[in-house]
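Trainee: Its first residue numbered 1, the sequence shown is counted upward by one per residue in our numbering.
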Amino acid sequence: MAAPGGWRTARARRRRRRGRDRDRGKEEEEEEEEEEKEEGGTGTGTEAVLRRLREARDDLLSSGFWAASAGAVRAPLSGLAEPPACCVCYGLGRFAACPAARYQLAFLLLLLEELRVPPARCALFDPAFSAREAAALGALGLRLLTENEEGKHGVGGSATLFYMVHCGKALYNNLLWSNWSPAALSKLVIIGNSFRGIEERLLSRILERDYSYIAKVLKGTEEVALPSHPRYLDTFNDTSVHWFPLDKLQELSPEVWNFVEEPMYQDCEDLEIIRNQDRAAAQS
Numbered sequence: 001m002a003a004p005g006g007w008r009t010a011r012a013r014r015r016r017r018r019g020r021d022r023d024r025g026k027e028e029e030e031e032e033e034e035e036e037k038e039e040g041g042t043g044t045g046t047e048a049v050l051r052r053l054r055e056a057r058d059d060l061l062s063s064g065f066w067a068a069s070a071g072a073v074r075a076p077l078s079g080l081a082e083p084p085a086c087c088v089c090y091g092l093g094r095f096a097a098c099p100a101a102r103y104q105l106a107f108l109l110l111l112l113e114e115l116r117v118p119p120a121r122c123a124l125f126d127p128a129f130s131a132r133e134a135a136a137l138g139a140l141g142l143r144l145l146t147e148n149e150e151g152k153h154g155v156g157g158s159a160t161l162f163y164m165v166h167c168g169k170a171l172y173n174n175l176l177w178s179n180w181s182p183a184a185l186s187k188l189v190i191i192g193n194s195f196r197g198i199e200e201r202l203l204s205r206i207l208e209r210d211y212s213y214i215a216k217v218l219k220g221t222e223e224v225a226l227p228s229h230p231r232y233l234d235t236f237n238d239t240s241v242h243w244f245p246l247d248k249l250q251e252l253s254p255e256v257w258n259f260v261e262e263p264m265y266q267d268c269e270d271l272e273i274i275r276n277q278d279r280a281a282a283q284s
């Protein structure tokens, strides 16, 4: 039975070697740009995007990567007081043209099914989305955020999954700042770049100066890496599931919670995120 947008309907897959992904992505991007010019940026090309997405879903299932990853995700989620009721996705990229972004979106949709989170309760933002991609996301029942939040999204009272594969460090830092209390952080699950990896790669003085909320939360973080798979080395490399047990957060010193200044990144040389121009102007 096909779901809205045809997500569940499987089509025959064409097996490709991973080494050809980059060339294929460039070809698909050129094809998409040409089709958008012909169609005015919307319309019949949506089905082609959804078809490629179904193929990516089938690949994740047949390769065994999803089954192994689902196990890695279930373990931390089972320890939460409540399962995530909604989802926010940042920085997905041009999934109509880029194979890696398409696999990441297919993974997200499988994850929503696993967690029984309705698509309408999943919101996405990426300023790079084309009109065709926005239409495809709408056909899948997903919501688009209209404002660039820069990751500054408070969870309120609902446990929330944040899907942020290969996003900039400032985006994670902003998200933590927006939920800087034990009660709020304990409701977050973040699938994205390994916090341990960030700590290992950055000089401690840079981490503490530019990304202080990542630095301060490390001792209150649990992290499980997604499994490695030869077909998806460039797609999910350095990706982990992060969660913040309330008991671990409460063990941190009170001084950790006293400093809640909004991150400004004035001395950061490589910010890695697209700023909201209205917010940036107000802060300058």
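Where is the CB? At the ideal position from N, CA and C, for every residue including glycine.
With a Cβ-Cβ cutoff of 8 Å, do residue 173 and residue 206 count as a contact?
Mentor: Within the sequence shown, the letter at position 173 stands for residue 173. Within the sequence shown, the letter at position 206 stands for residue 206. Going by C-beta atoms, residue 173 is not nearer than 8 Å to residue 206.
Trainee: Between 239, 158, 251, 245, which has its C-alpha nearest residue 197's C-alpha?
Mentor: The residue labelled residue 197 in the question sits at position 197 within the sequence shown. Ranking 239, 158, 251, 245 by Cα distance to residue 197 puts 239 first.
Trainee: When the distance is taken between beta carbons, is residue 249 closer than 8 Å to residue 185?
Mentor: Looking up residue 185 in the sequence shown gives position 185. Looking up residue 249 in the sequence shown gives position 249. Contact flag set, yes.
Trainee: Take residue 269 and list the residues in its own chain whose beta-carbon comes closer than 6 Å to its own, dropping the five residues that flank it on each side.
Mentor: For the purposes of this step, residue 269 is taken as the residue at position 269 of the sequence shown. Closer than 6 Å at the Cβ level, and outside the excluded window around residue 269, lies no residue.
Trainee: Count the CB pairs spanning the region 73 to 87 and the region 109 to 127 that are closer than 8 Å, and state whether there are at least three.
Mentor: In short, these stretches touch, since the Cβ pair count reaches three.
Trainee: Check residue 236 in the structure and name its three-state DSSP category.
Mentor: By 1-based counting over the sequence shown, the position of residue 236 is 236. Here residue 236 sits in coil by DSSP.
Trainee: State the Cα-Cα distance for the pair residue 162 and residue 89, rounded to the nearest angstrom.
Mentor: In the sequence shown, the residue the question calls residue 162 occupies position 162. In the sequence shown, the residue the question calls residue 89 occupies position 89. In a straight line, the C-alpha of residue 162 is about 6 Å away from that of residue 89.
Trainee: Does the Cβ of residue 133 have 16 or more other Cβ atoms within 10 Å, making it buried, or fewer, making it exposed?
Mentor: Numbered from 1 along the sequence shown, position 133 holds the residue referred to as residue 133. Per the 10 Å Cβ criterion, buried.
Trainee: When burial is assigned at 16 or more other CB atoms within 10 Å of the CB, is residue 251 buried or exposed?
Mentor: Numbered from 1 along the sequence shown, position 251 holds the residue referred to as residue 251. The residue is exposed, with fewer than 16 neighbouring Cβ atoms inside 10 Å.
Trainee: Should the region 60 to 68 be called in touch with the region 95 to 113, which here means at least 3 C-beta pairs below 8 Å?
Mentor: Yes: the two stretches touch, three or more of their Cβ pairs being nearer than 8 Å.
Trainee: Is it the case that the Cβ atoms of residue 159 and residue 194 are separated by a distance below 8 Å?
Mentor: Counting from 1 along the sequence shown, the entry for residue 159 is found at position 159. Counting from 1 along the sequence shown, the entry for residue 194 is found at position 194. In this structure, residue 194 does not lie closer than 8 Å to residue 159 by Cβ.
Trainee: The alpha helix (DSSP H) that contains residue 163, what's its start and end?
Mentor: On the sequence shown, residue 163 is found 163 positions in, with the first residue counted as 1. Counting along the chain, residue 163 falls outside any alpha helix (DSSP H), though it belongs to the beta strand (DSSP E) covering 160 to 164.
Trainee: Is residue 201 buried or exposed, if buried means 16 or more other CB atoms sit within 10 Å of its CB?
Mentor: Along the sequence shown, read from residue 1 onward, the residue named residue 201 stands at position 201. It counts as exposed.
Trainee: With H, G and I counted as helix, E and B as strand and the rest as coil, what does DSSP make of residue 174?
Mentor: The count along the sequence shown starts at 1 and reaches residue 174 at position 174. Here residue 174 sits in helix by DSSP.
Trainee: Restricting to Cα atoms, I'd like to know which of 216, 228, 178, 265 is closest to residue 151.
Mentor: For this step, residue 151 is matched to residue 151 along the sequence shown. It is 178 whose Cα lies nearest to the Cα of residue 151.
Trainee: Considering only the alpha carbon of each residue, which of 85, 99, 86, 69 lies closest to residue 51?
Mentor: What you label residue 51 is simply residue 51 of the sequence shown in a count that begins at 1. Among 85, 99, 86, 69, the Cα nearest to that of residue 51 belongs to 99.
Trainee: DSSP on residue 220, reduced to helix/strand/coil?
Mentor: To locate residue 220, count along the sequence shown from 1; it is residue 220. In the structure shown, residue 220 sits in a helix (DSSP, three-state: H, G or I).
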